[in-house]
Amino acid sequence: MEQFEPKLVAFVCNWCTYAGADLTGTSRIKYATNVRIIRFPCTGRIDFMLISKAFANGADGVIVSGCHPNDCHYTSGNFHARRRWMSFNAMLTFMGIDPDRIIFSWVSAAEGAKWADVVNQSVEQIRKLGPFTEYQKLVQSGIEEENFNG
Amino acid sequence: MSRIGVFVCHCGENISATVDVAKVAEEASKLPGVVHSVDYKYMCSDPGQTLVKEAIKEHNLTGVVVAACSPRMHEPTFRKACAQAGLNPYLSEMANVREHCSWVHEKSEQTTQKAFDVVRTMVSKASNNAALEPIKVPVTKRALVVGGGVAGIQAALDIANTGHKVILVERSPSIGGHMAQLSETFPTLDCSQCILTPRMVEVAQHPNITLYTHSEVESVDGFIGNFHVKIRKKARSLDEDLCTGCGLCTTKCPQKKIPSEFEQLLGTRPAIYTPFPQAVPNKPVIDRDNCTFYKTGKCKICEIVCPTKAIRFDQEDTILEVEIGAIVLATGFDVKHSDFFPEYGKGKYKDVIDGLQFERLASASGPTQGMIRRPSDGQIPKKIVFIACAGSRDPAKGIEYCSKICCMYTAKHAMLYKHKVHDGEAHVFYMDIRAGGKMYEEFVRRAIVEDHVNYTRGRVSTIYELDGKLIVKGADTLLGAQSVEIEADMVVLATAGVASEGSEDLAQKMHVSYDQHKFFAEAHPKLKPVETNTGGIFLAGACQTTRDIPDSVAMASGAAVKVAALFSSDLLTREPIVARVNRIPGPSHSTCVGCFLCQPVCPYQAIEREDIKDRAGNIIKSLARINEGLCQGCGTCVALCRSKSIDLLGYTDNQMHGEVLSVLEEAFV
Amino acid sequence: MSSASNHEIHVDNSLSGLILKHTEVPVQKCYQCGKCSAGCPVVSEMDYPPSLILRMLQTGLPEMEEKVLRSYSIWLCLSCEQCISRCPMEIDIPKMMDYLRQVSYKKKMVNPRAKNIVRFHKAFLDSIRTTGRLSEFGLTVDYKLRSLKMMQDLTLVPSMISRGKLGFIPEMIKGTKEMAKIFAKTTGLKSEEEK
Amino acid sequence: MDNLRQKAKELLESKTVNLVIGYENGTNGKARAVFITDPEKTGKLIYDERCKQNLAVYLNKHEVKHYGKIAIVAPLMVMRSILVLVSECQVKKENIVALGIGEDGSLLDFPSLEVVEKYVAKIPLGNPQSDQEILDKLNAMTMEQRRAFWQNELERCFKCYACRAACPMCYCLRCTVECNQPQWISAPAHPLGNLEWHMLRTMHLTGRCVSCGDCGRACPLNIPIHLLTMQQAEEAFHMFGVRAGTSMKAESALSTYKPDDKENFIL
Amino acid sequence: MKLGIYPGCSLTGSARDYNESVFAIAKACDIQLEQVPDWNCCGATAAHNMNKELSLSLPARILAQAEKAGLTDIVIPCAACYSRLMVTQHELNNDPVLKNRISEIIEMDFKGTTNILNVVQMIDLYVSPVLKEKIVKNFSHKVACYYGCLMVRPYKVLQYDQHEDPQGMDNVIRLLGGTAIDWGYKVECCGAGLTMSKTEIVGMLSGKIVKDAARRGAQAIVVACPMCHSNLDMRRPAINEYIGEKMDIPVIYITQAIGLALGIDEKTLGLQRHFVPVKMAEYIPPVPESKKQKAKEPTNTI
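Protein chains in written order, with my numbering: chain G, 1 to 150; chain B, 1 to 669; chain A, 1 to 195; chain U, 1 to 267; chain Y, 1 to 302.
Spelled out as structure tokens, the structure:
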């Protein structure tokens with residue numbers, strides 16, 4: 001049987017993780033192709049709804065990554081983001097949506113190797129979890145209903 | 001409908017070795033909105049850029065996506081190319097298919113697929129892009145230093161020595177600050193004025209420094225590189241060009257008994273005066289509140305005796321307007337006075353003095369010529385009690401922090417006293433001795449061991465006066481809090497150092513944040529100690545927290561380097577990536593409901609309150625407004641806002657939402 | 001930063017924890033500057049100065065806590081509030097002393113030297129419990145009987161009477177029943193007639 | 001109750017306030033909100049276990065605001081709602097007199113909202129016991145069971161937004177669901193749109209919910225949506241040490257941070 | 001002018017003189033004093049030493065009685081009672097639950113709206129403004145005003161005067177034409193509630209106060225608290241024992257000082273009830289040097 005290739009979206013901040021991922025490239029460290037990066041100015045800009053949108057549109061997993069605490073280019077964006085993630089994670093857990101579908105990490109501009117590790121680990125983790133069918137089914141039923149109604 | 005051009009780069013073989021660039025270009029051409037799609041060996045080369053420029057013109061492109069290396073590498077290159085072809089640079093995007101794709105994956109179908117996905121996503125973003133104008137500003141290469149104490153002097157000299165112009169503003173009639181008042185300095189016991197006055201003279205004579213004393217900053221507008229500053233030059237009541245500083249007027253002035261600020265009220269001065277003999281500039285000023293002429297309309301003795309006819313009674317304050325590129329705040333600190341302490345007499349005992357007053361008593365140029373004499377009767381005190389932590393570390397008095405400098409200067413005071421009055425007794429009440437610093441601990445030990453200063457660990461509860469003696473009631477906590485009562489001739493309070501008067505006002509004028517004690521706040525406690533959160537404004541010395549001379553000087557040099565770095569380029573370009581609160585027609589005016597939860601989130605104090613008023617001037621609604629001069633574009637407020645009333649230019653909700661949708665679209669179209 | 005809620009402060013079962021819980025006096029805030037002891041008018045009579053009491057409580061050691069409860073100091077405190085008016089940490093020592101006295105009394109740990117102080121307080125309260133007001137004569141006699149210090153102050157009585165400063169007949173208020181109820185509800189003490 | 005009526009009457013008579021918001025006897029033996037401007041009508045006021053509605057929802061209404069100074073019958077949830085609304089600049093603290101109701105139903109005399117803060121700081125806060133018991137049960141379930149539970153419940157939602165209308169903290173002029181540029185929430189009532197709506201509501205109330213439960217009571221289909229925000233209120237307290245409605249300062253959980261916030265999931 | 005008054009127990013007993021002088025000067029200044037009906041003891045130190053709820057309930061009943069009688073302003077001459085009632089009202093107004101609990105204990109409605117005045121505040125508000133026209137004879141004496149603890153502390157609750165160096169009584173004395181000295185024991189404790197149980201300690205604490213006042217040449221100590229008065233006056237033998245010599249400096253109430261200036265006879269003011277006889281020579285303060293010179297100088301120097 002063919003191996004399941006999960007789709008991952010990564011929301012990263014411009015100053016640390018995006019630059020860190022650049023370093024992975026210049027260091028020619030190889031990692032899985034499953035992830036697509038979206039660049040934000042800061043993790044503080046990341047709206048939790050974008051994560052739910054990613055799942056609704058077919059992502060099996062989401063990576064969110066930014067500067068380490070105290071290293072934020074804007075001083076405190078990542079601290080605010082951390083609180084949001086903590087709350088969001090708690091809510092997902094309570095609603096029965098597996099928070100393991102989202103991988104949060106701090107990757108600095110100097111941590112090219114760590115970025116590769118984060119991606120590889122995440123892909124493995126999501127691969128084990130399989131396709132995010134329970135969420136995708138919601139979309140399907142929604143579309144069906146919509147079609148039905150419309 | 002947008003007209004987007006896609007340009008896929010081979011980067012030699014850096015990309016094409018693992019990505020099928022031709023296929024990517026071909027697939028991209030099928031994307032909605034894409035009207036032109038090509039691949040090329042080196043997009044960043046001149047011919048590559050020409051390719052882009054020509055395509056923009058030929059196909060009348062409204063957006064450009066270059067699939068190549070990281071935008072952190074070549075985004076400026078292609079934005080420039082677009083601009084040269086007449087396309088707004090912010091309509092171009094880069095798809096990172098090298099660092100994030102070809103270099104990190106093996107050659108495979110998936111790698112090509114990923115490259116295409118990235119291109120598609122950026123095409124989506126580009127189609128949602130709006131033309132933005134970069135905030136591009138010339139840097140005015142003139143610095144303003146506020147405060148002429150040792151930190152301000154050092155900062156001004158260092159900046160001036162890099163070849164840039166400096167304006168130094170000091171509110172008192174002379175520069176020098178508190179350091180000019182000190183007798184000797186710890187831990188070397190060298191004379192403070194002897195090391196400071198040469199620097200003061202250097203400031204006055206430096207061709208790059210313009211000195212405005214007896215002046216204050218009136219207002220500050222603008223932003224980094226382009227501050228517009230108004231300086232109020234208070235009337236000195238004399239023509240500074242004519243005055244030679246001969247000092248004849250000061251000796252003839254009939255008012256002689258005005259308490260001198262420089263002497264901490266322990267000495268007197270006339271109504272026309274220079275604060276101290278080594279003052280820079282050495283030109284007097286008339287204190288109009290105390291001058292007989294201003295009070296009664298008669299006198300004018302100074303005008304009569306002035307050999308150069310420099311006195312100008314009708315002089316008015318002048319407002320100077322200057323363009324400034326960078327500002328260094330060096331406004332220093334004040335100390336609490338003895339009237340701050342109800343339990344220590346609230347200022348009613350003349351012989352309970354503060355540390356700065358003791359400095360003047362110990363100073364050879366002070367009111368007692370360096371003899372330690374107590375203020376009440378001029379007698380030499382045989383027993384002095386020094387009280388450390390007077391006000392500091394005292395939350396009940398609103399000062400939780402340690403003032404840091406008092407342990408050292410108290411040891412110095414006790415030592416100076418013992419050196420001057422050999423048979424005198426010096427008692428120090430302390431809570432902890434904080435003597436971290438080069439040769440500092442050794443200095444305190446010397447006071448205790450060699451100079452026999454009696455240190456008692458405990459705080460003094462109260463002081464009262466009896467038969468010319470001050471009864472000091474304390475406890476020795478190392479002896480089980482046993483009571484200690486000392487009949488002293490004089491008491492010196494090592495009073496807390498506090499933010500200089502007017503700091504809050506100044507901080508508000510400058511949009512600089514400050515802490516609960518009105519000390520200016522640094523941008524980062526460890527990594528940005530001299531920056532503020534407001535671009536182009538830097539801190540030096542004790543205005544950030546109380547600190548001693550070596551620390552102040554080091555910090556001043558640090559701030560000067562920051563200014564010099566800013567002045568090293570002619571043009572400052574700021575990305576137009578700023579947040580905005582939406583506006584809609586009345587009666588709502590904005591979807592913002594004014595909860596202001598975004599305010600504490602902003603690291604730059606860029607979110608202000610805007611009151612919408614009706615014609616009668618009544619506030620009908622308060623809503624948030626972003627000060628674009630201060631906003632740095634992090635977008636933390638955008639994600640927080642529940643009603644989606646704030647958006648971030650360049651990273652709008654529409655763009656980010658579109659990217660997420662696009663990145664997950666089905667494989668090749 | 002420090003919100004009004006006390007949820008964040010850890011309350012344990014040590015005596016200092018109980019003090020915090022019942023009186024909101026934060027013993028742990030004391031940094032031993034000794035200003036309270038330096039200004040305390042009765043410190044010279046105390047077995048442990050106030051700052052030392054705070055230090056002993058900070059240790060949380062049972063033997064230290066017992067020493068505090070058995071101390072003479074807690075009974076000597078005059079509640080003159082000089083300490084709190086000068087304490088840099090605003091630690092309400094008199095309030096803490098009130099609580100310590102109550103615990104010491106309940107646990108029967110009252111310092112032998114303080115027995116008279118307790119007797120006086122009880123005589124005082126008994127006086128108002130029964131009549132609503134303090135009868136200074138009654139109080140004096142009652143206290144003398146309890147403390148067996150018959151001779152002390154005896155010399156004062158005739159001169160107080162001659163100056164009209166001591167009334168023999170206790171003043172009774174109308175609301176004596178209310179007073180009895182107040183005492184019953186707060187202290188559980190029953191008034192004489194109810195007994 | 002007499003105390004409450006008396007106090008309300010005094011406040012109206014002395015013109016200290018222009019309006020009293022409280023509860024009165026409604027139809028079918030239920031209690032309902034009442035708005036009193038006439039001191040003689042304060043006899044209508046009641047307070048008993050039937051009075052569950054969070055009256056603070058009216059404070060932000062235009063029709064109520066124009067009365068200026070208002071007294072409001074305030075059991076704990078209302079007190080906390082008032083503090084949230086003051087901290088979010090939605091009502092002015094000098095315009096509110098809280099007719100506090102203690103845990104035993106007695107009238108609490110609050111000279112100012114500062115004293116309300118002190119009161120709230122002293123008493124144990126948290127979810128109503130009955131709700132907390134359900135939460136504990138849900139938390140003891142497996143992830144899969146919880147997912148099934150919520151899918152089952154939320155599927156029934158038809159987006160009438162009664163929950164939003166009942167909540168004092170849902171005062172936005174334009175709710176995110178009404179945003180169509182971009183369309184954050186799928187508009188029709190289908191499983192995905194419902195889930196997104198309730199996630200949005202839950203996140204927007206994290207650190208702001210005072211656990212009054214009115215959203216759940218308002219739901220015509222009896223979907224226990226109040227459990228979502230109540231769970232978050234408890235989580236926010238455990239994670240950040242703050243409870244909504246304890247301070248008039250703008251210190252809500254998600255608009256502040258501590259550098260040493262502790263999580264266990266970030267790589 | 002009508003004011004409520006809560007005399008407290010000692011004013012009906014050992015401080016009868018204080019009571020008499022308060023009523024005497026009130027009468028002279030047309031102030032009607034109406035007693036709080038059926039008042040009870042405030043519980044003093046004993047109550048808060050032994051039981052917290054009791055220490056709040058007793059004062060709360062007094063205040064509730066005042067409220068019931070419609071007395072919006074009450075003056076409390078006894079500093080100890082003043083302190084207890086102020087603290088109670090403050091604590092209960094800041095804790096509605098406790099307020100309800102106490103209301104339930106006393107079985108009365110307690111609102112906490114009474115304006116509580118100490119005797120110096122009453123003097124400042126209602127006596128001082130009319131003093132000038134009513135003074136018959138200047139109070140030409142040099143005195144030490146002694147405030148003790150409970151008039152000024154806890155400052156956070158009372159908010160009265162400067163707590164380390166209060167001036168209220170000093171100003172009244174100056175207004176009467178007298179001299180108030182600066183001294184070291186203005187706000188030190190006299191021994192207060194230990195008066196019976198630890199007389200020797202009271203002797204020491206009060207002794208220090210008397211000694212300092214006498215040493216600085218004060219002709220009398222002026223007080224506004226019955227407990228301070230009894231400790232400084234009635235406990236004089238213990239004080240003398242502590243000091244080791246016989247001190248004859250009298251202790252008078254501020255109201256008695258005013259009464260004397262108003263020409264009220266000593267008996268009406270209760271001076272004969274003191275243990276230490278009240279005898280004070282006239283004191284005319286010397287003109288300060290600086291003023292003397294100024295007087296000689298011609299006025300037109302310019």
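A virtual CB, placed ideally from N, CA and C, is assigned to each residue, including glycine.
Bridge partners of residue 34 (chain Y) according to DSSP: Y:4.
Not a single CB atom of chain B sits nearer than 8 Å to the CB of residue 27 (chain A). With fewer than 16 other CB atoms across the displayed protein chains lying within 10 angstroms of its CB, residue 130 (chain B) is exposed. At least one beta carbon of chain A lies nearer than 8 Å to the beta carbon of residue 473 (chain B). Boundaries cannot be given for residue 154 (chain Y), as no beta strand (DSSP E) includes it and DSSP labels it neither H nor E. Proximity of the region 365-374 of chain B to the region 536-547 of chain B falls short of the contact definition, fewer than three beta-carbon pairs being nearer than 8 Å. Contact between residue 589 (chain B) and residue 613 (chain B) fails: their C-beta atoms lie close to 11 Å from each other, not under 8 Å. At a cut-off of 4 residues, the continuous stretches assigned as alpha helix (DSSP H) that sit fully inside the region 85-137 of chain B are 109-127. Counting of Cβ neighbours within 10 angstroms places residue 591 (chain B) among the buried residues, the total reaching 16 or more. Under the Cβ distance rule, residue 270 (chain B) does not count among the residues neighbouring chain Y, no pair being separated by less than 8 Å.
In this structure, residue 90 (chain A) lies near residue 395 (chain B), with their beta-carbon atoms less than 8 Å apart. Using a CB distance cut-off of 8 Å, residue 80 (chain A) does not count as an interface residue toward chain B. Within the region 219-243 of chain Y, the alpha helix (DSSP H) runs of at least 4 residues that lie entirely inside it are, in chain order, 226-229 and 236-243.
Taking 9 Å as the cut-off between beta carbons, the residues of the region 336-355 of chain B near chain Y are 341, 342, 343, 344, 345, 346 and 348, in sequence order. Annotation: Cβ neighbours of residue 99 (chain Y) in chain U (cutoff 8 Å, chain order): 108 and 109. Here DSSP, grouped into helix, strand and coil, assigns residue 259 (chain B) to strand. Among the residues of chain A, none has a CB under 8 Å from the CB of residue 513 (chain B); the nearest is roughly 16 Å distant.
Closer than 8 Å to the CB of residue 171 (chain U) there is at least one CB belonging to chain B.
The C-alpha of residue 87 (chain A) is placed about 19 Å away from the C-alpha of residue 160 (chain Y). Between residue 78 (chain A) and residue 192 (chain Y), the C-beta gap is smaller than 8 Å, which places the two residues in contact. Bounds of the beta strand (DSSP E) holding residue 24 (chain U) are 19-25.
Assignment of residue 655 (chain B) by DSSP, reduced to helix, strand and coil, places it in the helix class. Between the alpha carbons of residue 375 (chain B) and residue 491 (chain B) lies a distance of about 11 Å.
With contacts defined as CB atoms closer than 8 Å, residue 62 (chain G) and residue 267 (chain U) fail to qualify as a contacting pair.
Straight through space, the alpha carbons of residue 200 (chain U) and residue 17 (chain U) are spaced by roughly 37 Å. Residue burial annotation: residue 205 (chain U) is buried, with at least 16 other C-beta atoms found within 10 angstroms of its C-beta.
Nearest Cα to residue 321 (chain B) within the set B:82, B:495, B:167 and B:500: B:167.
In this model, residue 132 (chain B) and residue 92 (chain B) are separated by some 11 Å (Cα to Cα).
The way I'd put it, the region 248-261 of chain B does touch the region 269-277 of chain B; three or more beta-carbon pairs between them come closer than 8 Å. Interface flag for residue 198 (chain U) against chain B is unset, since no Cβ pair is found closer than 8 Å. Beta-bridge annotation (DSSP): residue 434 (chain B) is not paired with any residue.
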